[in-house]
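Residue numbers (mature numbering (1 follows the signal peptide of the UniProt record, and there is no 0)): -18 to -1, 1 to 205.
Note that CB positions come from ideal geometry on N, CA and C, so glycine has one too.
One structure is given here, and the rest of the page talks about it.
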């Protein structure tokens, strides 16, 4: 019994701690740039193999025909060392009139050790990569200002008329906190309210550097 408990305890500790981390929470890839670069760091004393790839939003898929790659796709990272990863666009395959979003996957592969009663699990980090064409002529703060809010009954709609993605983190409505999410370009997202009479809201959004910004007293059009 003690042997089994010790084994499970190590499993929990292993999954709760990631040896590898990234230097940022999102990557912005402007069309004029040859590549988008970001750092990967090993915070432990042990070497780790690191595998990288992109997906379209489904963490269980690894599309082979994406027009962008992460290089190097696999590398060895010694203890307390860092490396630079690059996202490279092949020049075609993504739209020119709206921003595109892909997901960067960085997975640690621990070295195999001959220790009984231990289980090593590969941890994966996923962050968003935004590919931003030059012809959009709009900044993210400008896009946030154009976000439209509408309500009907207990349904609230966030309408994004811009070509940029707007990442919302939380809504504050008459003392109620509502978890939010990203609103796609020229798209919308709906939220269910606990009350119908709402005149304004507060919300938080994420900027290009991963910082959270608050917008207060935004009027809502109800019908």
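Which value, in whole angstroms, describes the spacing of the CA atoms of residue i and residue j?
i	j	result
residue 65	residue 53	11 angstroms
residue 63	residue 56	15 angstroms
residue 6	residue 20	7 angstroms
residue 29	residue 145	42 angstroms
Quick one: what's got a C-beta closer than 8 angstroms to residue i's C-beta in the same chain, skipping five residues either side?
i	result
residue 136	174, 175, 176, 177 and 178
Identify the continuous alpha helix (DSSP H) that holds residue i and give its terminal residues.
i	result
residue 127	122 to 127
Let me know if residue i comes out buried or exposed under the rule of 16 or more other beta-carbons within 10 Å of its beta-carbon.
i	result
residue 114	buried
residue 199	exposed
residue 2	buried
residue 124	exposed
residue 71	buried
residue 81	buried
Helix, strand or coil, according to DSSP, for residue i in the structure here?
i	result
residue 93	coil
residue 151	strand
residue 57	strand
residue 103	coil
residue 144	coil
residue 76	coil
residue 34	strand
residue 118	helix
May I ask which residues mark the beginning and end of the beta strand (DSSP E) holding residue i?
i	result
residue 18	18 to 24
residue 11	8 to 12
residue 201	194 to 201
residue 4	2 to 4
With a CB to CB cut of under 6 angstroms and the five nearest residues on each side skipped, what residues in its chain are close to residue i?
i	result
residue 105	-1 and 90
residue 8	109, 110 and 192
residue 197	185
Please go through the same chain and pick out, in chain order, the residues whose beta-carbon is closer than 7 angstroms to the beta-carbon of residue i, but skip the five residues on each side of it.
i	result
residue 78	115 and 117
residue 149	164, 187 and 188
Less than 7 angstroms separating the Cβ of residue i from some heavy atom of the ligand MN?
i	result
residue 115	Inclusion of the ligand MN in the displayed structure is not the case, the ligand content being empty and no account of it being possible.
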